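All remarks here apply to the structure that follows.
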Amino acid sequence: AIANDTVYGLGAHVQGQDIEQARSVASRIRAGQVHLNYPAWNPMAPFGGYKRSGNGREYGVHGFEEYLETKAIVGFG
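So the sequence shown is numbered by full-length UniProt numbering: it starts at 1 and just counts up by one.
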């Protein structure tokens, strides 16, 4: 679709009265963050782009995960 016909994908906005349809459209847009009907900014929401808009995320749990390493400790006792 026209919304995805770009090499960038940082953010998008979907406006509509039918919230289920708006969510359906938003889920198909290849962007790191999609706003629905002018929401308030949420600092806990991960921020970052798709495609050439960058890798990684800032803010929220996803922002911290870039600096963490996962370790599995397996066994009994």
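Yeah, the Cβ is synthetic: ideal placement off N, Cα and C, and Gly gets one too. Predicted, not measured: the structure shown is a model, and the values here were computed from it.
Practice task
Measure the alpha-carbon distance for H35 versus T70 and round it to whole angstroms.
Solution key: Taking C-alpha positions only, H35 is separated from T70 by approximately 31 angstroms.
Handout entry: Bridge partners - F47, DSSP secondary structure assignment
Key = E58.
Problem - Check: Q17 C-beta below 7 angstroms from any heavy atom of the ligand ATP - result: Here there are no bound small molecules, and the ligand ATP is not part of this structure.
Exercise for the section: Can you tell me which of the three DSSP states A12 falls into? Expected result: Annotated three-state conformation of A12 is strand, per DSSP.
Exercise for the section: Check whether the Cβ atoms of I29 and A45 sit closer than 8 angstroms, and answer yes or no. Expected result: Not closer than 8 angstroms, so no.
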